[in-house]
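J.:
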Amino acid sequence: MALKKTLFLSELYPPLIGGTCSMFSGRFGLYPKDRIVVLTKAVEGAEAFDQTAGYPIHRIPLVANGPKGFEWAGITWSLIKSGMALARQYRIERIECARFLPEGVAGYALAKLLRKKLIVNYHAEEVCVLKNYKVERFLLRRIIRAASLNLPVSSFIASQIREVAGRDIRVEIVPPGFNSSAIAPSDKEAVQRIRSQIGGQPILLTVARLQKRKGQDNVIRALPEILQTFPNARYIILGSDQGGTANYRQELEILAQQLGVNHQVIFVADAKQNELSNYYAASDLFLMPNRFEPPGDIEGFGIVFLEAGFFKKPVIGGNSGGVVDAVRDGNTGFLVNGIDPHDIAQKSIGILSNPGLAANMGENGFTFAQSLSHERVFERYQRALEGL
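Residues 0 to 387, numbered by numbering that gives the first Met the number 0, are exactly what the sequence shown covers, in order.
1) With V134 as the anchor, note down where its alpha helix (DSSP H) starts and where it stops.
2) Less than 6 Å between C-beta atoms, sequence neighbours within five positions excluded: which residues of the same chain meet that for G199?
3) Apart from the five residues just before and just after I348, which ones in its own chain have a Cβ nearer than 7 Å to its Cβ?
4) Let me check understanding here. Comparing Cα to Cα, which of G332, L204, A280 and F291 lies closest to R212?
5) Hey, quick one: how far does the beta strand (DSSP E) through P175 stretch, first residue to last?
6) Between which two residues does the alpha helix (DSSP H) holding S195 run?
7) Could you round the C-beta distance between A368 and L305 to whole angstroms and report it? I think they count as a contact, below 8 Å.
8) Rounded to a whole number of angstroms, what is the C-alpha to C-alpha distance between T5 and A86?
9) When you compare the segment 178 to 189 with the segment 30 to 50, are there three or more beta-carbon pairs, one atom per stretch, that lie closer than 8 Å?
10) Go through its chain and collect everything with a Cβ distance to P66's Cβ below 8 Å, but skip five positions before and after it.
11) First and last residue of the alpha helix (DSSP H) that includes Y234?
12) Which partner residues of N261 appear in the DSSP bridge assignment?
13) Which first and last residues belong to the alpha helix (DSSP H) in which P78 is found?
14) Take the Cβ of N149 as the centre, count every other Cβ of all protein chains shown within 10 Å, and call the residue buried at 16 or more, exposed below.
15) What are the boundary residues of the beta strand (DSSP E) that includes K40?
16) Which residue marks the beginning of the beta strand (DSSP E) containing N120, and which one marks its end?
17) Nearest to N178 by alpha carbon, out of H373, E385 and Q88?
18) Hey, L286 and G329: beta-carbon distance below 9 Å or not?
19) Around the Cβ of R166, are there at least 16 other Cβ atoms within 10 angstroms (buried) or fewer (exposed)?
20) To the nearest angstrom, how far is the alpha carbon of Y12 from that of F99?
21) At what residues does the alpha helix (DSSP H) containing R375 begin and finish?
22) Give every residue of the same chain whose Cβ lies closer than 7 Å to the Cβ of V314, excluding the five residues on either side of it in the sequence, and list them in chain order.
23) I235 and Y279 look like a contact to me (Cβ under 8 Å); what is the Cβ gap, rounded to whole Å?
24) Take the Cβ of E125 as the centre, count every other Cβ of all protein chains shown within 10 Å, and call the residue buried at 16 or more, exposed below.
25) Three-state secondary structure (DSSP) at L2?
26) Rounded to the nearest angstrom, what separates L384 and V376 at their Cα positions?
27) Using 10 angstroms around the beta-carbon of E102, count the other beta-carbons present and answer buried if the total reaches 16, otherwise exposed.
28) Assuming the contact rule is C-beta atoms closer than 8 Å, G299 and G320 should be a hit. Round their C-beta distance to whole Å, please.
29) Can the beta-carbon of R140 be found less than 9 Å from the beta-carbon of L129?
30) Is A183 closer than 9 Å to Q272 when the C-beta atoms are compared?
31) Flag this pair as yes or no: are the beta carbons of N353 and L334 separated by less than 9 Å?
32) What's the C-alpha gap between H341 and Q159?
33) In whole angstroms, what is the alpha-carbon distance linking G243 and Q210?
34) Where does the unbroken beta strand (DSSP E) through R93 begin, and where does it stop?
35) With respect to the alpha helix (DSSP H) encompassing P223, which residues constitute its N-terminal and C-terminal limits?
36) Would DSSP call S370 helix, strand or coil?
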């Protein structure tokens with residue numbers, strides 16, 4: 000299928016790091032190079048990435064300087080102005096937006112002004128939080144209804160945008176792609192060194208920002224019960240507080256001390272990609288028992304479950320949001336009630352007590368991760384575009 004020339008609007012794009020950035024750079028890296036034009040934010044160090052991308056990337060200052068409460072309007076206006084010029088320069092045939100806000104509002108305006116079809120991607124917070132505000136919900140509904148194609152990352156997010164739309168719309172679920180080639184191979188000596196330094200087994204691991212909805216606190220609450228069966232167990236919390244819950248590491252440290260498990264909980268502030276691979280390889284069980292946090296903070300998918308699966312680790316995730324698509328319950332791991340430490344403990348003990356089950360789940364997780372490679376997901380994306 001010949002892909003139409005597309006203008007893609009995104010505030011965030013590599014070399015910035017994050018799941019959204021990786022998702023879209025993986026997608027458009029597989030596009031015919033003369034069919035995609037990216038309009039994004041000017042950031043330091045972008046020149047090297049842009050030169051190797053092979054397709055046009057136009058960068059402009061994007062400043063959230065709109066009216067109070069609507070700061071995103073400044074970014075939207077900049078995208079509209081530059082988008083108009085690029086659409087004419089490259090003879091753009093359709094507009095695609097990374098998110099509903101701020102990009103989707105700009106894309107909606109451009110699609111109307113230029114009479115082009117609109118495609119919008121949806122992730123989590125920008126839908127689940129902003130739908131609770133009157134103006135943003137109004138805009139979200141208008142954009143969902145106006146889009147020729149809506150692309151949520153999970154079945155949960157699909158249900159959310161259908162609820163806001165209030166009528167039939169075109170929706171195709173396209174999950175984030177998984178790029179195994181970007182994951183550094185683990186180093187056996189480094190893995191053994193981590194195990195020795197941790198000083199106990201089995202090793203439980205969470206890789207995530209220090210954020211309440213990620214569930215690190217309830218893994219800590221589950222530890223006393225886990226330690227009754229596995230007295231030498233250790234729990235590694237790997238992640239920074241950047242973009243997370245303020246002062247959350249301190250809260251977690253106090254909680255661990257109150258429960259008497261502070262010596263079993265190890266914090267790793269951050270890790271480079273090669274170091275991250277070693278931590279995955281050193282672990283015995285990956286956990287992120289995510290949960291809903293008001294007013295709408297929820298996990299849209301959970302690419303870390305695929306990363307853990309790539310290292311053949313069984314996983315435990317919260318039965319909340321898009322994680323139900325990222326964890327195959329009973330196959331790659333278990334879904335748990337993210338606010339129930341006893342459930343987390345029992346499912347963890349069940350896996351750790353059964354090496355055969357853990358190995359099977361790890362193998363299934365590896366197969367599942369491969370099924371969501373950028374190449375496989377791009378095929379789904381192409382099928383979703385048919386008829387546009």
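Where a beta carbon is used, it is the ideal one built from N, C-alpha and C, also for glycine.
T.: Let me lay it out:
1) K133 to A145
2) N231 and R233
3) I225 and T228
4) F291
5) Where P175 is concerned, there is no enclosing beta strand (DSSP E), given that its DSSP letter is neither H nor E.
6) K187 to I197
7) 4 Å
8) 9 Å
9) no
10) A72
11) Looking at the DSSP string, Y234 is not in any alpha helix (DSSP H); the run it does join, the beta strand (DSSP E), is R233 to L237.
12) According to DSSP, N261 bridges with nothing at all.
13) Note that residue 78 is Leu in the sequence shown, not Pro. First-last of the alpha helix (DSSP H) with L78: W71 to Y89.
14) buried
15) I35 to K40
16) K116 to Y121
17) H373
18) no
19) exposed
20) 16 Å
21) H373 to L384
22) F285, F304, A307, G308, V326, T331, G332 and G364
23) Not really, about 10 Å apart at Cβ, beyond 8 Å.
24) buried
25) coil
26) 13 Å
27) buried
28) 6 Å
29) no
30) yes
31) no
32) 30 Å
33) 5 Å
34) R93 to C96
35) Q215 to T228
36) helix
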